[in-house]
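Quick notes on the structure that follows.
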Amino acid sequence: MNVNAKNINLRPTVLLAGVALLLALSACKGRTTENMEPTGDTVEVVITDTTWVATDSTPAPADSSAN
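To convert, take the position in the sequence shown, counting from 1, and add 833; that gives the numbering used here.
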């Protein structure tokens, strides 16, 4: 019996690989509140005395009285 690439049925192989991939991905739990622990790191925040004013970012309407 001569077996070549055309006679090989890939459907069971693809199905098995897909099932294995789904099982592997479903085992990944990810980060949840149950598995997170504080590391004790501190963050220093520096607030400067600069004052800034929020400005309107939309352009002013055109002056129609000049017509």
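Yeah, the Cβ is synthetic: ideal placement off N, Cα and C, and Gly gets one too.
The structure displayed is predicted, hence computed values, not measured ones.
Separation of residue j from residue i, as counted between CA atoms
| i | j | result |
| --- | --- | --- |
| residue 894 | residue 880 | 36 Å |
| residue 863 | residue 869 | 10 Å |
| residue 847 | residue 861 | 22 Å |
| residue 875 | residue 859 | 34 Å |
| residue 849 | residue 891 | 58 Å |
| residue 896 | residue 865 | 57 Å |
| residue 867 | residue 873 | 17 Å |
| residue 845 | residue 857 | 18 Å |
| residue 877 | residue 852 | 48 Å |
| residue 886 | residue 854 | 54 Å |
| residue 843 | residue 871 | 48 Å |
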